[in-house]
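*Asks:* Structure provided below as C-alpha cells; questions to follow.
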Amino acid sequence: MTPTLHPGHLEIQPHEIARTVLSESGQFERDAVNPAQILAYLKLHHLSVDFAREFPAELRHRMSAAQPRAILSVADRIIATDSTLADTHTRFAVLHEIAHYLLPQHRHTLYVCDDLGMSARTRVTIEQEANSLAHELLFQGDRFSIEANDRPPTAAIVTALAQRYRASLEATASRIAQKSITPCMMVMFTQGHGPAAAPPQGPSTPSLDPDAPPSWTVRYCVPSPAFAMRHFSRISGSLSPALAVSTSGEIDLPTTTGAQTHQRFRCELLRSGDDLIALIMPAESRRQRSPLPP
C-alpha cells in the first residue's frame with residue numbers, strides 16, 4: 016500500500032517531503048513533473064475556476080489588492096486555480112497549494128493565495144515556505160541543480176531548462192541563480208516609459224511622450240551565493256534602452272547605494288511578456304559553453 020503524507024509530520028524536513036512525494040508519485044521517471052499524478056497520490060482534487068465570476072464574496076475580505084490565483088480547502092481536499100492563468104503558472108499554483116497542504120507548520124484549513132503571495136517578492140513567511148517547496152517539486156530537487164551547473168548560466172540554458180521542466184522563464188532563471196555555484200545574478204525588470212533612471216519613490220507617472228523609448232526598472236534580484244559574496248546582492252535603477260533592444264552586452268552596474276561598481280559585467284536578456292529577465296555575470300567569467308544534453 017502506498018504511504019500517504021499528511022500535514023503534521025514534524026520530523027520531516029521540506030526537502031525530504033519533496034523527495035518522498037516525487038518518488039512515490041512516479042515523477043523521477045519524467046522530465047517535467049506531472050501535478051495531476053501528485054494530486055492523485057495525495058488524494059486531492061483540482062478545479063479550474065474563473066475567479067472573476069465565481070470567486071466567493073465571503074473570501075474577498077481575506078485578500079489584499081492583489082488578484083487571487085489559487086485556493087486550497089484542506090477539509091474538502093480541493094485545490095482551485097484561476098482559469099485565466101497560463102499553463103506554467105497553473106502548474107506552479109497547484110504545486111504551491113500542495114506545498115501548503117504538506118508543510119507541517121501550515122495549519123490553516125483554508126488558503127487563498129494571490130499573485131503577490133506566489134511571487135518571489137512576497138514577504139509573508141508561509142508563502143515563502145510554500146514557494147520554496149513548490150520549486151523543489153517543480154524542479155525535482157537536486158536534479159535541476161546538477162543540470163544547471165553542468166554549463167555556464169546563459170539565456171539559452173534558461174530557455175532550454177524552462178522547456179524541459181515546463182516552468183516559466185522567470186522561475187527557471189531565478190532557480191538557476193539560486194543554485195549556481197558560479198557568480199551570477201538574475202534581475203527581473205518591469206517595463207516603464209521614458210529615459211533610464213532610478214525608480215521613483217512615489218507612484219509612477221505615465222509618460223506623456225509616445226515617442227520616448229521604453230525603459231525597464233529593476234523589480235527584484237536573485238544573486239547566486241558566490242555573486243553575493245564577491246560583489247553585491249542587489250542593484251537599482253533601469254536598464255539602458257540601447258541594451259534592452261539587444262540580447263547581450265557589457266555594462267557597469269550601480270548597487271542599491273547608487274555607487275558604481277567600476278567592474279564590467281556581462282548581461283544576457285530574455286523577454287517574459289512585457290518584462291525583461293537579465294542574467295548578469297562578471298565579464299571575465301566566460302567559460303566554454305556546452306549545449307544542453309538531450
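Under the numbering used here, the first residue of the sequence shown carries the number 16, and numbering increases by one thereafter.
Where a beta carbon is used, it is the ideal one built from N, C-alpha and C, also for glycine.
1) Closer than 6 angstroms by C-beta to residue 220: which residues in its own chain qualify, once you throw out the five before and the five after it? Chain order, please.
2) Going by DSSP, name the residue or residues bridged to residue 62.
3) Can you tell me the Cα-Cα spacing of residue 97 and residue 205, whole angstroms?
4) Which term fits residue 129, buried or exposed, when burial requires 16 or more other beta carbons within 10 angstroms of its beta carbon?
5) Name the DSSP beta bridge partners of residue 134, please?
6) Report yes if the CB atom of residue 163 is closer than 9 angstroms to the CB atom of residue 194, and no otherwise.
7) Take residue 263 and list the residues in its own chain whose beta-carbon comes closer than 6 angstroms to its own, dropping the five residues that flank it on each side.
8) Between the beta-carbon of residue 52 and the beta-carbon of residue 40, is there less than 9 angstroms?
9) Could you round the C-beta distance between residue 152 and residue 33 to whole angstroms and report it? I think they count as a contact, below 8 angstroms.
10) Roughly how far, in whole angstroms, is the beta-carbon of residue 108 from the beta-carbon of residue 133, given that I think they are within contact range, below 8 angstroms?
11) Tell me which residues share the same chain as residue 111 and place their Cβ nearer than 6 angstroms to its Cβ, disregarding the 5 neighbours each side in the sequence.
12) Along the chain, which unbroken stretches of the beta strand (DSSP E) at least 3 residues long are found entirely within the region 103–134?
13) Candidates 265, 196 and 253: which alpha carbon is nearest residue 244's?
14) What residue from 242, 192 and 241 has the CA that sits closest to residue 292's CA?
15) Pull up the CB-CB distance for residue 143 and residue 37, whole angstroms please, since I reckon it's below 8 angstroms.
16) Is it right to say residue 1 is buried, meaning 16 or more other beta carbons lie within 10 angstroms of its own, or is it exposed?
17) In angstroms with no decimal places, state the Cα-to-Cα distance between residue 210 and residue 231.
18) Could you give the distance in angstroms between the alpha-carbon of residue 280 and the alpha-carbon of residue 266?
19) Verify whether the separation of the beta carbon atoms of residue 94 and residue 131 is less than 9 angstroms.
20) What separation, rounded to the nearest whole angstrom, lies between the Cα atoms of residue 213 and residue 235?
21) Which residues in the same chain as residue 159 place their Cβ atom closer than 8 angstroms to its Cβ, once the five residues preceding and following it in sequence are excluded?
22) Leaving out five residues on either side along the sequence, give the residues of the same chain with a beta carbon under 8 angstroms from the beta carbon of residue 45.
23) Alpha carbons only, please: which of 242, 251, 241 and 49 is nearest the one belonging to residue 233?
24) Does the Cβ of residue 69 have 16 or more other Cβ atoms within 10 Å, making it buried, or fewer, making it exposed?
25) What is the DSSP secondary structure of residue 278, reduced to helix, strand or coil?
*Replies:* Result, derived from the coordinates:
1) Taking the sequence shown and counting its residues from 1, the one referred to as residue 220 is at position 205. Legend: pLDDT at residue 220 = 47, less than 50; position of this residue unreliable, no value from coordinates given.
2) Position 47 of the sequence shown, counted from the first residue, corresponds to residue 62. BP columns for residue 62 point to 95.
3) Here residue 97 refers to the residue found at position 82 of the sequence shown. Here residue 205 refers to the residue found at position 190 of the sequence shown. Spanning the two alpha carbons is a distance of roughly 23 angstroms.
4) On the sequence shown, position 114 is the one that residue 129 refers to. With 16 or more other Cβ atoms within 10 Å, it is buried.
5) Start at 1 with the first residue of the sequence shown, and residue 134 comes out as number 119. Note: residue 134 sits in no beta bridge, so no partner.
6) As a working note, residue 163 is residue 148 in the sequence shown. As a working note, residue 194 is residue 179 in the sequence shown. In this structure, residue 194 lies closer than 9 angstroms to residue 163 by Cβ.
7) To locate residue 263, count along the sequence shown from 1; it is residue 248. The beta carbon of residue 263 is closer than 6 angstroms to those of 283 in its chain, skipping five residues each way along the sequence.
8) Indexing the sequence shown from 1 puts residue 52 at position 37. Indexing the sequence shown from 1 puts residue 40 at position 25. Yes, the Cβ-Cβ distance between residue 52 and residue 40 is below 9 angstroms.
9) Numbered from its first residue, the sequence shown carries residue 152 at position 137. Numbered from its first residue, the sequence shown carries residue 33 at position 18. Confirmed, about 5 angstroms.
10) One-based indexing of the sequence shown puts residue 108 at position 93. One-based indexing of the sequence shown puts residue 133 at position 118. Right, the Cβ-Cβ distance comes to about 6 angstroms (below 8 angstroms), so this counts as a contact.
11) Residue 111 sits at position 96 when you count from the first residue of the sequence shown. The residues are 133, 145 and 149.
12) 125–129
13) The residue given as residue 244 occupies position 229 in the sequence shown. For the residues 265, 196 and 253, the minimum Cα distance to residue 244 belongs to 196.
14) As a first step, residue 292 is located in the sequence shown; it is residue number 277 there, counting from the start. 192 is the residue among 242, 192 and 241 whose C-alpha sits nearest the C-alpha of residue 292.
15) Position 128 of the sequence shown, counting from 1, holds the residue named residue 143. Position 22 of the sequence shown, counting from 1, holds the residue named residue 37. That belief does not hold up - the Cβ atoms of residue 143 and residue 37 are roughly 21 angstroms apart, past 8 angstroms.
16) Within the shown structure, residues of the chain are numbered from 16 to 309, placing residue 1 beyond reach of any answer.
17) Start at 1 with the first residue of the sequence shown, and residue 210 comes out as number 195. Start at 1 with the first residue of the sequence shown, and residue 231 comes out as number 216. The predicted model places residue 210 with a pLDDT of 38, which falls under 50 and marks its position as unreliable; any figure quoted below should be read in that light. Between residue 210 and residue 231, the C-alpha separation is close to 10 angstroms.
18) Position 265 of the sequence shown, counted from the start, is the residue given in the question as residue 280. Position 251 of the sequence shown, counted from the start, is the residue given in the question as residue 266. Whole-angstrom Cα-Cα distance: 5 angstroms.
19) Position 79 of the sequence shown, counting from 1, holds the residue named residue 94. Position 116 of the sequence shown, counting from 1, holds the residue named residue 131. Contact flag unset, no.
20) By 1-based counting over the sequence shown, the position of residue 213 is 198. By 1-based counting over the sequence shown, the position of residue 235 is 220. Low confidence applies here, because residue 213 scores a pLDDT of 38, under 50, leaving its location unreliable; read the following figure in that light. Their Cα atoms are separated by approximately 13 angstroms.
21) As a first step, residue 159 is located in the sequence shown; it is residue number 144 there, counting from the start. Around residue 159: 176, 180, 190 and 194.
22) Sequence index remark: in the sequence shown, residue 45 carries index 30 (1-based). For residue 45, there are no CB contacts under 8 angstroms within the same chain when 5 residues up- and downstream are skipped.
23) Counting from one through the sequence shown, the residue named residue 233 turns up at place 218. Closest option to residue 233, Cα to Cα, is 251.
24) Counting from one through the sequence shown, the residue named residue 69 turns up at place 54. Under this definition residue 69 is an exposed residue.
25) The residue you call residue 278 lines up with position 263 of the sequence shown. Residue 278: strand per DSSP, three-state reduction.
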